[in-house]
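Chains as they are written, first to last, in my numbering: chain H, 28 to 294; chain B, 28 to 294.
Every residue gets a Cβ at the ideal spot worked out from N, C-alpha and C, and that includes glycine.
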DNA sequence: AACTAAGTTTCATTAAATGAAACCTTGGAA
DNA sequence: TTCCAAGGTTTCATTTAATGAAACTTAGTT
């Protein structure tokens, strides 16, 4: 059930899509060919298929490809019914108002952290600029909070996949140190980011756990060393834990197909 | 190059993904089976593949599937490098501030309108609630603006695909009336939504055209009959036309792979 | 415990993907 | 304009994967 690199043709097609996305700009066939291991005609037809399916957009003027708008439409649907994001929204807003800080909602995507939402007291969210973003698990508050509450074997497997790149002086750069930290987080029920990913950026984070203690995601309150310190953030622990519990309960309820809500098509 | 329903296995897999997304809630295998034409083992393996690829998320507790978070990550990338959305953002904000009204950015996705962004002067945008949303082309300002500036044959083909469902008393409900309206819009260079989709909701819209007059998207200023009227909206035409031109020029420049920007991974 | 519905696997068959090579097509340069 | 070369597209015999009827296993009843 883990991400396999090659499930038949579908896996290959998605790999191509990922490669185009990774290039981060409109690319020509030849550029994808150079960046990819597929033989020319195979890649050609995969790109044809993806384009014809709207998963890649083709600009006939520059003869370039970009990830397609069908993805945006599908992601809208994914986000909408990701029980977590849907249900968590009002809680993020409440927490943001209560703490005056930035609130993050994230979940695990393979060994990485995927941010689902962000709520900032001051400036309005720049749409899509944060949701969908990925980050490292070993040096972010939300990442560590989730790793700490995973079953031993799963956590171990994900820890092995971390890069342990040193972003700052405070980055935990080995599996051993991280594991010790995770034990601590598990004991406390919450964790910190002590400027481990970006200088001056600190946060306190809690996991969102289902009734069966499965890790659904994580919440964090982020601030800077100019504004506050770890002790200051620690005061919010009660609030975010309560929110995390409520979100988990609501998400669980939402998952059961008892209410068949019609999708809203108007804007 | 138009959306084909079945390009091999990839097309089928995406069809399944679309079906799960359309159900709009966590679904079990059996439900997808009932909603789908695929034989049981085929559908089973397609769902397996999609899950293993992260395009579907599987909840082991309820044994249900939802569109996967990988979509959110890919869409982030798609949105980021959709030259239009990226480039248009500051212009939407400026227009919103200037007019005090809601600004929409949309593009065509097959015969439908896909909203890429929205900017509201008063309340901050609810993330993902609007971007990714689809709407009808024949009864929205942005839809008509785009149809009006399409090549004759393309427009004809898309007009034939419209449902012409009557949403309000003002909805244009036949290809003939719509075609006449489009001629008018083409002559004027801008169009209106006269409460055609939702009562009291009116807007003025312009296409975003490339230098070769290809339709890239559309912009609209939306308001209500309580706040203003068509004549009031018409005053904004000059501003949004200027923005549309600037956006087109910037998007075009952006499309040429001269600047290789590294993707930002921090949050 | 017996039953039923839901989900999963098997395997011979069928269909699709593959890629080396050849073939177009487009945009420069002579 | 003609030629050339790089980028893009098609062919076709071969390989590989997808297919689905039926059989099987599992989970959830009655």
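6 Å Cβ shell around residue 202(B) - same chain, five flanking residues per side excluded: 186
Between the CA atoms of residue 259(B) and residue 126(B) - distance to the nearest angstrom: 10 Å
Member of 91(B), 237(B), 75(B) whose CA lies at the smallest distance from the CA of residue 270(B): 237(B)
In chain B, which residues lie with their C-beta within 8 Å of the C-beta of residue 136(H)? 81, 96, 97, 100
Any contact between the region 218 to 231 of chain B and the region 160 to 178 of chain B? By contact I mean 3 or more CB pairs, one from each, below 8 Å. yes
If you count every other CB in all the chains shown that lies within 10 Å of the CB of residue 234(H), and 16 or more means buried, which is it? buried
Using a Cβ cut-off of 7 Å (strictly closer), state whether residue 252(B) contacts chain H. no
Pairs of beta-carbons, one from the region 114 to 128 of chain H and one from the region 64 to 77 of chain B, closer than 8 Å: are there three or more? no
Which of the three DSSP states, helix, strand or coil, is assigned to residue 76(B)? helix
Residue 121(B) to residue 251(B) span [Cα, whole Å]: 20 Å
If contact means a Cβ-Cβ distance below 7 Å, which residues of the region 30 to 51 of chain B contact chain H? Hits within the stretch, in order: 30, 31, 34, 35, 36, 37, 38, 40, 41, 44, 48, 51.
Going residue by residue through the region 185 to 211 of chain B, where are the continuous alpha helix (DSSP H) segments of at least 4 residues, counting only ones entirely within it? none
Contact between the region 129 to 142 of chain B and the region 136 to 145 of chain H (3+ Cβ pairs under 8 Å): no
Excluding the 5 residues preceding and the 5 following residue 80(B) in the sequence, name in chain order all residues of the same chain whose CB lies nearer than 6 Å to its CB. The answer is none, since no qualifying residue turns up.
Unbroken alpha helix (DSSP H) run spanning residue 103(B), endpoints: 96 to 108 is the span of the alpha helix (DSSP H), which, as asked, contains residue 103(B).
With distance defined between alpha-carbon atoms, name the residue in 195(B), 146(B), 199(B), 194(B) nearest to residue 171(B). 199(B)
By the DSSP assignment, the beta strand (DSSP E) with residue 127(B) in it spans what residues? Here residue 127(B) belongs to no beta strand (DSSP E), and DSSP marks it neither H nor E.
Rounded to whole angstroms, what is the Cα-Cα separation between residue 37(B) and residue 243(B)? Their Cα atoms are separated by approximately 27 Å.
Going straight from the alpha carbon of residue 58(H) to that of residue 42(H), what length do you get? 15 Å
Just to confirm, does residue 103(B) get its C-beta within under 6 Å of one of the non-hydrogen atoms of the ligand SAH? In the structure on display, the ligand SAH does not appear, and there are no ligands present to speak of.
If we call anything under 7 Å between Cβ atoms a contact, is residue 94(B) one with residue 105(H)? Between residue 94(B) and residue 105(H), the CB-CB gap stays under 7 Å.
Secondary structure of residue 39(H), DSSP reduced to three states: helix
Residues that residue 69(B) contacts on chain H, provided the C-beta gap is smaller than 9 Å: None at all; the shortest Cβ gap to chain H is about 12 Å.
Ordered along the chain, which non-local residues of its own chain (more than five positions away) have a Cβ less than 7 Å from that of residue 261(B)? 231
Against residue 63(B), what residues of chain H qualify as contacts under a CB-to-CB distance less than 8 Å, listed in chain order? For residue 63(B), none of the residues of chain H pass the 8 Å Cβ criterion, the least Cβ distance being about 16 Å.
Quick one: grab the DSSP three-state call for residue 68(H). Residue state, collapsed to three classes: helix.
Can you find a C-beta in chain B that's less than 7 Å from the C-beta of residue 268(H)? With respect to chain B, the C-beta atom of residue 268(H) has no partner C-beta closer than 7 Å.
I'd like to know whether the C-beta atoms of residue 102(H) and residue 159(B) end up nearer to each other than 7 Å. Yes, the Cβ-Cβ distance between residue 102(H) and residue 159(B) is below 7 Å.
What is the rounded straight-line gap between the Cα of residue 173(B) and the Cα of residue 107(H)? 27 Å
Proximal chain B residues relative to residue 200(H), where beta-carbon distance stays under 9 Å: Result: empty, since nearest Cβ-Cβ is about 18 Å, beyond 9 Å.
Please report the straight-line C-alpha distance between residue 212(B) and residue 183(B), rounded to a whole angstrom. Each residue's Cα considered, the two are about 15 Å apart.
Please state the DSSP three-state secondary structure of residue 237(H). coil
Buried or exposed for residue 88(H), going by 16 or more other Cβ atoms inside 10 Å? exposed
Using the beta-carbon of each residue, which ones in chain H are nearer than 8 Å to residue 272(B)? Within 8 Å Cβ-Cβ: nothing; residue 272(B) doesn't reach chain H, min ~17 Å.
Indicate the three-state DSSP secondary structure (helix, strand or coil) for residue 254(B) in the structure shown. coil
Answer yes or no: does any C-beta atom of chain B fall closer than 7 Å to that of residue 189(H)? So no, residue 189(H) is outside the interface.
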